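Peer 1:
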Amino acid sequence: MRKYLLLFLLSFVVTNFSQTLTFCEGVTEKGVPINEATSFNIAQKGGYFYFLVKLPYTVGCEEVYFEIYRLDDYDPNYPTMEGEGEVYETTISSTTKPDWTWFYKQVTFYKTGYYRIYVKDCTESYLASSVVRINWKK
Numbered sequence: 001m002r003k004y005l006l007l008f009l010l011s012f013v014v015t016n017f018s019q020t021l022t023f024c025e026g027v028t029e030k031g032v033p034i035n036e037a038t039s040f041n042i043a044q045k046g047g048y049f050y051f052l053v054k055l056p057y058t059v060g061c062e063e064v065y066f067e068i069y070r071l072d073d074y075d076p077n078y079p080t081m082e083g084e085g086e087v088y089e090t091t092i093s094s095t096t097k098p099d100w101t102w103f104y105k106q107v108t109f110y111k112t113g114y115y116r117i118y119v120k121d122c123t124e125s126y127l128a129s130s131v132v133r134i135n136w137k138k
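The sequence shown begins at 1 in the working numbering and counts up by one.
1) Using alpha carbons as the reference points, say which of V64, E25, N135, G113 lies closest to P98.
2) What is the rounded straight-line gap between the Cα of Y104 and the Cα of R116?
3) In three-state terms, what does DSSP make of Y50?
4) Which of the three DSSP states, helix, strand or coil, is assigned to Y110?
5) Classify Y69: buried if its beta carbon has 16 or more other beta carbons within 10 angstroms, exposed otherwise.
6) Between W136, L55, F40, which lies nearest to L21 when the distance is taken from Cα to Cα?
7) From the DSSP output, which residues share a beta bridge with V87?
8) Since E67 and T95 should fall inside the 8 angstroms C-beta cutoff, what is the C-beta to C-beta distance between them, to a whole number of angstroms?
9) Hey, how far is the Cα of L7 from the Cα of S18?
10) Can you list, in chain order, the stretches of the beta strand (DSSP E) that have 3 or more residues and sit fully within the region 111 to 136?
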């Protein structure tokens, strides 16, 4: 019983102190995501949403980078390893302050599909990554 309790507590600590990349329709001034989702519907002319990054430590940089890769043949029921089937789309930079523990960026998409986003700091270290789906608005 103690082993299970220890395992539960350890998983709780790891979950609460890990870095995250969240997709949402907005961000409050306290860094809370508004309408968090993993799928967004955009118009034919494009649509935007926000990338929100939360860290358990300060970012330590004045600029971060969002690397965007399109995922060809992605199936959410059979997740691929990072790097598998990825086609580079673009990199977007964002200004930060070294003492920030969270930051966000508004990003516009013009094409549908699945995308994996990698967040890197000024030393090229990966901070977080996640997958988002873009659909046409009906």
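Beta carbons are placed, not taken as given, at the ideal position from N, Cα and C, and that holds for glycine.
Bear in mind the structure is a predicted one, so any value in this text is a computation, not a measurement.
Peer 2: Looking at the coordinates:
1) V64
2) 16 angstroms
3) strand
4) coil
5) buried
6) L55
7) R70
8) About 17 angstroms; that fails the 8 angstroms criterion.
9) Caution is warranted here: a pLDDT of 44 is assigned to L7, below 50, making its placement in the model unreliable, and the coordinate value is therefore given only provisionally. The alpha-carbon atoms of L7 and S18 are separated by roughly 17 angstroms.
10) 113 to 120, 126 to 136
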